[in-house]
Amino acid sequence: MLADSYGRVATDLRVSLTDRCNLRCTYCMPPEGLDWLPSAEQLTDDELIRLLGIAVGQLGITEVRFTGGEPLLRRGLPGIVARTASLSPRPEISLTTNGIGLTRLAGPLRDAGLDRINVSLDTLNAETFVKLARRDRLDDVLAGLAAAADAGLIPVKVNAVLMRDINGNEAVDLLQFCLDRGYQLRFIEQMPLDAQHGWRRDDMVTADEILTALSAKFSLTPDDPAGRGSAPAEAFLVDGGPARVGVIGSVTRPFCGSCDRVRLTADGQVRNCLFARQESDLRTPLRAGADDLELADRWRLAVAAKLPGHGINDPGFLQPARPMSAIGG
Ligand code: SAM
Ligand code: SF4
30 MLADSYGRVA
40 TDLRVSLTDR
50 CNLRCTYCMP
60 PEGLDWLPSA
70 EQLTDDELIR
80 LLGIAVGQLG
90 ITEVRFTGGE
100 PLLRRGLPGI
110 VARTASLSPR
120 PEISLTTNGI
130 GLTRLAGPLR
140 DAGLDRINVS
150 LDTLNAETFV
160 KLARRDRLDD
170 VLAGLAAAAD
180 AGLIPVKVNA
190 VLMRDINGNE
200 AVDLLQFCLD
210 RGYQLRFIEQ
220 MPLDAQHGWR
230 RDDMVTADEI
240 LTALSAKFSL
250 TPDDPAGRGS
260 APAEAFLVDG
270 GPARVGVIGS
280 VTRPFCGSCD
290 RVRLTADGQV
300 RNCLFARQES
310 DLRTPLRAGA
320 DDLELADRWR
330 LAVAAKLPGH
340 GINDPGFLQP
350 ARPMSAIGG
């Protein structure tokens, strides 16, 4: 098991497959992009699958989510998914993507064993998209979403981040768009994880504000009055259901106490939290010939040291050195 000293057990592994991206979302990256990892530093497919085998076979990981950067840019992604699906015990396999390229890849990924998909969509307005993602690709994202649904990766989940002066007024439109197509929408509060360190609390649209905006048009009732368990999103039935909407109040409604996640970066570093300021290197021992037991022990130690919370709301909060795109969001 991957247990920490606060009684939490990590079962959900987020794997960054690349730190590269074809968008430049303002809440994530600067316009010029970042110094991408040299390919020699990135785990090879074989190295990655070996670590995933240890994670599911010895450490109790039951869900593997591929992310990035933009995971669809990773060459051979369907092959990675297929090899992950053949691990024993087979984990649930999901993917978080900006959707660009899904018209080509949704079918092969589904055939390879992908179980679930989250596509990020922050705006329905092409001009706003360019302002937000600094690329004119809204049509590609919308086509990708449709392709995911056509390929049977349903229900397609949509992630949206709202920023006050850019797309802050789109909550209702985004939800209506998703309801019309059977997509499940989740809003995520903007977190201080951008490479430019430009996050300002005032720019973030809070969970409360999102719920207030949605309530002007829809009736929302808590879907799970007993609590959200380890799920970060608070779920609401829309107009009595069965459609639902989620709100992830990472900043204003932290869920660290029930977090069940651990992360592996594209260069083979374990991170026990998105906001961790330390990483544990698995790539160096792996390349030096460490056996599975040693790698599993290192992984356990990395998770055991997990802090109780992300500390965003503490006066002394320091943003982690690596941005979301390099950690794996
Ligand atoms: N490129 C893929 C995508 O955009 O879906 C996967 C990686 S991206 C880092 C994963 C998710 O993190 C996306 O839904 C994105 O909107 C979200 N994200 C990125 N930066 C964020 C931030 N500063 N605060 C909250 N969410 C963020
Ligand atoms: Fe790329 Fe995803 Fe970051 Fe946007 S949020 S720049 S799509 S990695």
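The sequence shown lines up with residues 30 to 358 when you count with the numbering used here.
Note that CB positions come from ideal geometry on N, CA and C, so glycine has one too.
Nearest neighbour of ALA295 by Cα position, chosen from MET233, ALA69 and MET58, turns out to be ALA69.
ASN188 is bridged by DSSP to SER149 and ARG215.
A straight line joining the alpha-carbon of LEU150 with that of ALA172 spans about 12 Å.
About 21 Å separates the CB atoms of SER279 and ASP48; that is not less than 8 Å, and the two are not in contact.
Short of 8 Å from the beta carbon of LEU249, and not among the five residues preceding or following it, lie these beta carbons of its own chain, in chain order: LEU240, LEU243, PHE265, LEU266, VAL267 and VAL274.
Between the ligand SF4 and GLY98, a heavy atom-to-CB distance of less than 8 Å is present. Per DSSP, the continuous alpha helix (DSSP H) segment holding PRO314 begins and ends at 312–316. Taking all protein chains shown into account, GLY128 has 16 or more neighbouring C-beta atoms within 10 Å of its C-beta and is therefore buried. Cβ neighbours of GLN219 within its own chain (closer than 8 Å, five residues either side excluded): TYR56, VAL190, LEU191, MET192, TRP228, ASP232, MET233, VAL234 and VAL280. Just measuring C-alpha positions, the residue of PHE247, VAL276, GLY338 and LEU102 sitting nearest GLY270 is PHE247. Fewer than three beta-carbon pairs drawn from the segment 117–135 and the segment 58–68 are found closer than 8 Å, and the two stretches are therefore not classed as touching. With the criterion CB distance below 5 Å from any heavy atom of the ligand SF4, the matching residues run CYS50, LEU52, CYS54, CYS57, MET58, ASN127 and SER354 along the chain. Restricting attention to beta strand (DSSP E) runs no shorter than 3 residues, the segment 213–294 encloses them at 213–217, 249–251, 263–267, 273–277 and 290–293, ordered along the chain. Between the ligand SAM and ILE217, a heavy atom-to-CB distance of less than 8 Å is present. Distance check between GLY97 and each of ARG79, VAL148 and ALA135 places VAL148 closest, using alpha-carbon atoms only. Here ARG166 has ILE129 as same chain residues with Cβ atoms under 6 Å from its own Cβ, once five neighbours each way along the sequence are excluded.
For ILE122, the enclosing beta strand (DSSP E) begins and ends at 121–126. A buried status is given to HIS339, since no fewer than 16 other beta-carbon atoms sit within 10 Å of its beta-carbon. Note on geometry: alpha-carbon atoms of LEU330 and MET30 lie some 11 Å from one another.
Going by beta carbons, GLY358 and LEU222 fall inside the 9 Å limit.
Between the C-alpha atoms of ILE341 and ALA236 there is a straight-line separation of about 15 Å. By the CB criterion at 9 Å, ARG292 and ILE356 fall inside the cutoff. Taking a cut-off of 8 Å for Cβ pairs, the segment 208–215 and the segment 181–190 touch, as three or more such pairs fall below it.
Within the same chain, and ignoring the five residues on either side of GLU323 in sequence, the residues whose Cβ sits closer than 7 Å to its Cβ are PRO314. One Cα belongs to ASP75, the other to ASP320, and the distance between them is close to 15 Å. With 16 or more neighbouring CB atoms inside 10 Å of its own CB, SER45 falls in the buried class. Sequence-distant partners of GLN225 (beyond 5 residues in either direction) whose C-beta falls short of 7 Å from its own C-beta, in its chain, are PRO59. With 16 or more neighbouring CB atoms inside 10 Å of its own CB, LEU72 falls in the buried class. The Cβ atoms of ARG53 and ARG164 lie closer than 9 Å to each other.
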